[in-house]
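Trainee: Input: one structure, supplied below.
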Amino acid sequence: MKNNHSSNWAVSAHITGLFQIVENDDPLKMGSRGAGFSIGKRVVTRITQKESNDKNHEVYFNEQVIDGIVSLEVAKSFQERISDLALKIEHKSPLPIQAGFGTSGAGALGTAFALNELFETKKSDEELGQIAHKAEVICRTGLGDVISQLQGGAEIRLEPGAPGVGVIKEFSWPIDDLVLLATIETMSTKDIITSPKMIEKINRYSNQLLLELNENPTLEEFLRVSFEFADKTGLMSNKLRKLITYLREDEYSASMVMLGDSLFVVGDIYDLEECSSIIDNYDPNAKIWIDSISNLGPIILDTKIFD
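The numbering of the sequence shown is the numbering used here, which starts it at 59 and goes up by one.
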């Protein structure tokens with residue numbers, strides 16, 4: 059074996075403000091229309107290989123063993139290279155899982171890029187993005203994060219599907235505007251995107267709002283349609299709704315992170331620091347971050363991340 063472990067592959071987390079579910083029997087064509095943005099906080103992935111007959115792959119998130127169904131699904135696309143190997147797939151992030159931050163998509167992309175490097179398969183970024191998207195769809199952990207995370211920035215997803223299939227375009231984001239993220243509890247994406255009742259409600263309200271955003275692709279319009287979508291679909295928990303209402307009454311542009319029991323607020327650093335204090339006083343158990351938009355796709359980090 060030339061190398062026993064990959065580089066540290068970092069992929070931006072991603073926030074979705076509104077979305078529309080598009081079903082298709084082909085995982086590469088299934089996905090979502092919607093809009094969102096990538097942020098500076100990332101999921102970093104490293105993969106270590108060792109010769110083994112039991113093929114017992116392990117997946118870790120912040121040094122804790124997880125089921126890692128998406129990462130393992132990605133690994134299946136490299137099966138012919140790992141037939142006599144055991145993989146240790148490690149993910150690290152300051153962000154929690156199941157909070158709406160696209161950590162499963164970031165982990166899927168990181169796994170695909172790390173395996174591509176480790177086994178020198180020379181797949182294109184688009185091919186790796188398709189592998190990651192397909193894994194997310196099969197596992198029902200996400201629908202539109204991967205195509206967005208591969209590109210970075212603030213985007214409108216015009217047509218569903220994997221990179222090379224789906225269609226996205228950028229919308230403008232003022233250079234001085236940052237984003238505050240706050241998480242209250244976790245929420246299962248799978249429970250939402252597999253519920254026929256919720257799918258019908260989500261698609262009913264998102265259709266017109268996405269048309270309006272496409273006609274006026276600005277940050278202000280994105281914030282408006284995102285809150286209207288969150289409000290009408292009833293996706294917010296009672297606790298999250300009360301907090302978002304409280305912040306909006308104080309003129310903060312708060313809305314729900316899709317899909318998580320989390321919120322985001324956009325503004326300058328001074329406004330967001332004040333907003334952070336308000337949230338902390340309102341709910342001392344909330345986890346809060348202030349971050350910037352990331353325009354980068356997957357990158358290698360040279361700093362020491364893993365032991």
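Glycine included, C-beta positions come from ideal geometry on N, C-alpha and C.
Keep in mind the model is a prediction, meaning the values are calculated, not measured.
Need the endpoints of the beta strand (DSSP E) that A164 sits in, please.
Mentor: Translated into positions along the sequence shown, residue 164 becomes position 106. Run containing A164: none in the beta strand (DSSP E); it sits in the alpha helix (DSSP H), T161 to F177.
Trainee: Can you list, in chain order, the residues of its chain whose CB lies under 6 angstroms from that of L239, leaving out five sequence neighbours each side?
Mentor: What you label residue 239 is simply residue 181 of the sequence shown in a count that begins at 1. So the qualifying residues of the chain are F322 and W347.
Trainee: So, helix, strand or coil for M88, using DSSP?
Mentor: On the sequence shown, residue 88 is found 30 positions in, with the first residue counted as 1. Three-state result, M88: coil.
Trainee: Any idea what DSSP makes of V223, helix, strand or coil?
Mentor: Position 165 of the sequence shown, counted from the start, is the residue given in the question as residue 223. Reduced to three states, the DSSP call for V223 is coil.
Trainee: Return no unless some Cβ of chain D is closer than 7 angstroms to the Cβ of T252.
Mentor: In summary, chain D is missing from the structure at hand, where a single protein chain is found.
Trainee: In this structure, how does DSSP classify M256 when only helix, strand and coil are distinguished?
Mentor: If you number the sequence shown from 1, residue 256 lands on position 198. In this structure, M256 counts as helix in the three-state DSSP scheme.
Trainee: Three Cβ pairs or more, each shorter than 8 angstroms: is that satisfied between the region 68-78 and the region 200-209?
Mentor: yes
Trainee: Could you check how far apart the C-beta atoms of L236 and I327 are, in whole angstroms? I think they sit under 8 angstroms.
Mentor: Start at 1 with the first residue of the sequence shown, and residue 236 comes out as number 178. Start at 1 with the first residue of the sequence shown, and residue 327 comes out as number 269. So it is a contact: roughly 6 angstroms between Cβ atoms.
Trainee: Distance check for I242 and P152, CA to CA, integer angstroms please.
Mentor: Counting from one through the sequence shown, the residue named residue 152 turns up at place 94. Counting from one through the sequence shown, the residue named residue 242 turns up at place 184. Straight-line Cα distance between these residues: approximately 15 angstroms.
Trainee: Could you tell me which whole alpha helix (DSSP H) segments of length 4 or greater appear in the region 278-355?
Mentor: 296-307 and 327-340
Trainee: Just to confirm my understanding: we take V283, look at its own chain, exclude 5 residues before and 5 after, and list those with CB closer than 8 angstroms. What are they?
Mentor: The residue you call residue 283 lines up with position 225 of the sequence shown. Cβ neighbours of V283 beyond the five flanking positions: G75, L76, A93, L267, L268, E270 and L271.
Trainee: On the criterion of 16 or more Cβ atoms from any shown chain inside 10 Å, does L359 qualify as buried, or is it exposed?
Mentor: As a working mapping, residue 359 is identified with position 301 in the sequence shown. By the neighbour-count rule (16 or more Cβ atoms within 10 Å), L359 is not buried but exposed.
Trainee: Just mark R262 as buried or exposed, buried being the case when its beta carbon has 16 or more other beta carbons within 10 Å.
Mentor: Sequence index remark: in the sequence shown, residue 262 carries index 204 (1-based). It is exposed - the Cβ of R262 has fewer than 16 other Cβ atoms within 10 Å.
Trainee: Here's the rule I'm using: 16 or more other beta-carbon atoms within 10 Å means buried, otherwise exposed. How should I79 be labelled?
Mentor: Here residue 79 refers to the residue found at position 21 when the sequence shown is read from its first residue. Looking at its Cβ environment, which holds 16 or more other Cβ atoms inside 10 Å, I79 is buried.
Trainee: Taking the alpha-carbon positions, what's the T106 to W231 distance?
Mentor: For this step, residue 106 is matched to residue 48 along the sequence shown. For this step, residue 231 is matched to residue 173 along the sequence shown. T106 and W231: Cα-Cα distance of roughly 38 angstroms.
Trainee: Return the first residue and the last residue of the alpha helix (DSSP H) that G75 is part of.
Mentor: Within the sequence shown, residue 75 is the residue found at index 17, counting from 1. Per DSSP, G75 belongs to no alpha helix (DSSP H); it is in the beta strand (DSSP E), N66 to V80.
Trainee: Just confirm the distance between the C-beta atoms of G187 and A220, as a whole number of angstroms; I'd bet it's less than 8 angstroms.
Mentor: Counting from 1 along the sequence shown, the entry for residue 187 is found at position 129. Counting from 1 along the sequence shown, the entry for residue 220 is found at position 162. Rounded, the Cβ-Cβ distance is 6 angstroms, consistent with contact.
Trainee: With DSSP run on the structure shown, which of helix, strand or coil describes F95?
Mentor: Looking up residue 95 in the sequence shown gives position 37. Strand.
Trainee: Can you check whether the CB of A344 is closer than 7 angstroms to the CB of S313?
Mentor: As a working note, residue 313 is residue 255 in the sequence shown. As a working note, residue 344 is residue 286 in the sequence shown. No, Cβ-Cβ distance for S313 and A344 is not below 7 angstroms.
Trainee: Figure out for me which residue from D234, F119, F177 and R91 has the closest Cα to the Cα of F364.
Mentor: In the sequence shown, counting from the first residue as 1, residue 364 sits at position 306. For F364, the nearest C-alpha among the options comes from F119.
Trainee: Do you know offhand how far M59's Cα is from V101's?
Mentor: Start at 1 with the first residue of the sequence shown, and residue 59 comes out as number 1. Start at 1 with the first residue of the sequence shown, and residue 101 comes out as number 43. Only weak support exists for where M59 lies, its pLDDT of 46 falling under 50; the coordinates are left without a value.
Trainee: In angstroms, rounded to a whole number, what distance separates the CA positions of L277 and V324?
Mentor: Taking the sequence shown and counting its residues from 1, one reaches residue 277 at position 219. Taking the sequence shown and counting its residues from 1, one reaches residue 324 at position 266. When rounded, the distance between both Cα atoms is 9 angstroms.
Trainee: Could you tell me the alpha carbon to alpha carbon distance between A367 and S129, rounded to whole angstroms?
Mentor: Residue 367 falls outside the range modelled here, since the chain spans only 59 to 365, and no answer is possible.
Trainee: Could you check whether D349 and I73 sit closer than 7 angstroms to each other, using their CB atoms as the reference points?
Mentor: Here residue 73 is taken as the residue at index 15 of the sequence shown, counted from 1. Here residue 349 is taken as the residue at index 291 of the sequence shown, counted from 1. Cβ distance not < 7 angstroms, so I73 and D349 don't count as in contact.
Trainee: Please report the distance separating the alpha-carbon of I124 from that of K192.
Mentor: Working through the sequence shown from its first residue, we reach residue 124 at position 66. Working through the sequence shown from its first residue, we reach residue 192 at position 134. About 20 angstroms.
Trainee: Can you give the Cα-Cα distance for T169 and E307, rounded to whole angstroms?
Mentor: Here residue 169 refers to the residue found at position 111 of the sequence shown. Here residue 307 refers to the residue found at position 249 of the sequence shown. When rounded, the distance between both Cα atoms is 42 angstroms.
Trainee: Taking DSSP as the reference, what is the three-state secondary structure of L153?
Mentor: For the purposes of this step, residue 153 is taken as residue 95 along the sequence shown, with counting starting at 1. Assigned with DSSP and collapsed to three states, L153 falls in coil, not helix or strand.
Trainee: Considering only C-alpha positions, which residue in the set M88, S253 and T103 is nearest to K362?
Mentor: If you number the sequence shown from 1, residue 362 lands on position 304. Among M88, S253 and T103, the Cα nearest to that of K362 is on T103.
Trainee: Less than 8 angstroms between the CB atoms is what I'm expecting for E213 and E228, so what's the real figure, rounded?
Mentor: Taking the sequence shown and counting its residues from 1, the one referred to as residue 213 is at position 155. Taking the sequence shown and counting its residues from 1, the one referred to as residue 228 is at position 170. Rounded, the Cβ-Cβ distance is 6 angstroms, consistent with contact.
Trainee: Could you spell out where the alpha helix (DSSP H) holding I127 opens and where it closes?
Mentor: Counting from 1 along the sequence shown, the entry for residue 127 is found at position 69. Taken as a continuous stretch (DSSP letters only), the alpha helix (DSSP H) holding I127 covers I127 to A133.
Trainee: Which residue or residues does DSSP assign as beta-bridge partners of Y118?
Mentor: For this step, residue 118 is matched to residue 60 along the sequence shown. Partner(s): V123 and E148.
Trainee: Which residues bound the beta strand (DSSP E) around L236?
Mentor: Numbered from its first residue, the sequence shown carries residue 236 at position 178. Residues L236 to E243.
Trainee: Report, in whole angstroms, the separation of the C-beta atoms of E131 and I196, which I expect to be a contact under 8 angstroms.
Mentor: Here residue 131 corresponds to residue number 73 of the sequence shown, with the count starting at 1. Here residue 196 corresponds to residue number 138 of the sequence shown, with the count starting at 1. So it is a contact: roughly 6 angstroms between Cβ atoms.
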